[in-house]
Amino acid sequence: MSAKLILGTEIREQILEEITQEVAQIKEKHGKVPGLVTILVGANPASMSYVTLKIQTAHRVGFHEVQDSQPETISEADLLALIDKYNKDENINGILVQLPLPKHIDEKKVLNAIDPDKDVDGFHPVNVGRLMIGGSEVKFAPCTPAGIQEMIVRAGVETKGAEVVVVGRSNIVGKPIAVMMVQKGRGANSTVTVVHTGTKDLAAHCKRADILIVAAGVPELVKPEWIKPGACVIDVGVNRVGEKISEKTGKKIAILRGDVDFEKAKEIAGYITPVPGGVGPMTITMLMLNTLRSLKYKLGLM
Ligand code: NAP
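Basically the numbering used here = 1-based index in the sequence shown + 837.
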């Protein structure tokens, strides 16, 4: 048996197309487009390339996009004043501060200064609380977990009553996806177990999973024999295990592996996400969806 691949690269294209169409409709009816500002402090090459990708995607779907680059030396007070400016800006619906920030700035203080109604990353404690309450209380689900849930839904995998096992309990992936899958509603209503380094028998839990979501950051942690035949396996892990020369560009690129032994697992699972090309492309896509939602809330369309 060979698993059906759930490709983030394909689902991204569908969702970005849907967003583009909705943005055009809202612009025609209400004369507004979603506005996203990306604040970059310093010149960390990885951060710069993430920000560029976010801005390019925002541009592609027809958003008003602002890239605000600040020097490494900006003071915490000035950065907080900048956030305040965008909190009050009528044309901005989403504020994103690219992490990490320089050591002299308190990251938590800065993230908590973002207006929760413009917190399209979904990390503000108010939005974490809303996610926990669930239902119509939720405004912005964090982007990677939202992407995971969307992939499961679009692949047509039944979640109601499913045994979901989440490997990892981070605040950005493990905990929020566990909370989302346990809620009553679309793409959820599951029975959820969260496992971590304190878990006694990781294999036994994984073997029960109808849907196995792995976000540990350990290359090929999940062995093929831990996978229930026919299960849906979502591999969130992105691990650099070496380097190779790209056939396309001739440049050095990282060799990436997930947290699951993909080649063997795909012979057992019913559905599986590859690495790269699985969960990865969904995060920025859901950021765009959250920014669109933010404008829709403001216009009373949601
Ligand atoms: P993290 O903050 O390091 O958390 C990892 C979690 O996995 C922790 O809860 C840890 O348990 C658990 N864990 C680690 N080793 C384990 C083991 N041997 N057995 C059981 N549990 C184990 O990582 P993260 O930020 O959630 O990210 C996880 C992975 O997803 C990384 O590879 C990251 O690069 C990737 N990621 C991808 C995307 C994307 O594709 N868009 C987004 C976010 C993250 P303890 O709590 O007990 O330490």
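Just so you know, even glycine gets a beta-carbon here, dropped at the ideal spot from N, CA and C.
Just so we're clear, the structure is a prediction, and the values are computed from it rather than from any experiment.
Residue i (DSSP reduced to helix, strand or coil)
i, result
"Gly931", "strand"
"Leu1124", "helix"
"Gly1079", "strand"
"Gln851", "helix"
"Val832", "Here the chain covers residues 838 to 1139 and nothing more, so residue 832 does not appear."
"Leu1129", "helix"
"Glu1000", "strand"
"Lys841", "strand"
"Leu877", "strand"
"Thr1086", "coil"
"Thr1110", "coil"
"Val1032", "strand"
"Val1016", "helix"
"Val1059", "strand"
"Val860", "helix"
"Ile970", "helix"
"Gly1011", "helix"
"Thr910", "coil"
"Met1119", "helix"
"Lys1065", "coil"
"Lys1135", "helix"
Any non-hydrogen atom of the ligand NAP within 6 Å of residue i CB
i, result
"Ser1007", "yes"
"Glu1074", "Residue identity check: residue 1074 is Gly in the sequence provided, not Glu. Yes."
"His1033", "yes"
"Ala1145", "Because the chain in this structure spans residues 838 to 1139, residue 1145 falls outside the shown range and cannot be described."
"Gly1117", "yes"
"Thr846", "no"
"Val1010", "yes"
"Val1016", "no"
"Val957", "no"
"Gly1055", "Sequence check: residue 1055 is Val here, not Gly. Checking every heavy atom of the ligand NAP against the Cβ of Val1055, one is found closer than 6 Å."
"Thr981", "yes"
"Thr1120", "yes"
Distance CB(residue i)-CB(residue j) smaller than 7 Å
i, j, result
"Gly1024", "Val1055", "no"
"Thr894", "Met1125", "yes"
"Pro871", "Leu1132", "yes"
"Asn928", "His901", "yes"
"Gly1005", "Ala1041", "no"
"Leu1049", "Val1070", "yes"
"Lys1081", "Ile1092", "yes"
"Ser1027", "Ala999", "yes"
"Lys1103", "Ala918", "no"
"Ser906", "Leu877", "yes"
"Lys976", "Ile1121", "no"
"Gly972", "Thr1128", "no"
Residue i, enclosing beta strand (DSSP E) - first and last residue
i, result
"Arg1006", "Counting along the chain, Arg1006 falls outside any beta strand (DSSP E), and DSSP gives it neither H nor E."
"Arg1023", "Looking at the DSSP string, Arg1023 is not in any beta strand (DSSP E), and its letter there is neither H nor E."
"Val870", "Counting along the chain, Val870 falls outside any beta strand (DSSP E), and DSSP gives it neither H nor E."
"Val1051", "Ile1048 to Val1051"
"Lys1089", "Lys1089 to Arg1094"
Continuous alpha helix (DSSP H) stretch holding residue i: start and end
i, result
"Ile892", "Pro882 to Arg897"
"His901", "No alpha helix (DSSP H) contains His901, which is instead part of the beta strand (DSSP E) from His901 to Gln907."
"Ile959", "For the record, residue 959 in the displayed sequence is Gly; it is not Ile. It is not in any alpha helix (DSSP H) - Gly959 carries neither H nor E in the DSSP assignment."
"Gly984", "Cys980 to Arg991"
"Ser918", "Here residue 918 turns out to be Ala, not Ser, going by the sequence shown. First-last of the alpha helix (DSSP H) with Ala918: Glu913 to Lys925."
"Val1070", "From DSSP, Val1070 is part of no alpha helix (DSSP H) but of the beta strand (DSSP E) over Cys1069 to Asp1072."
"Leu1039", "Leu1039 to Arg1045"
"Val947", "Glu944 to Ala950"
"Glu1100", "Phe1099 to Ala1102"
Proximity test, residue i beta-carbon vs the ligand PLP heavy atom, cut-off 6 Å
i, result
"Pro1066", "Absent from the structure shown: the ligand PLP. Ligands present: the ligand NAP."
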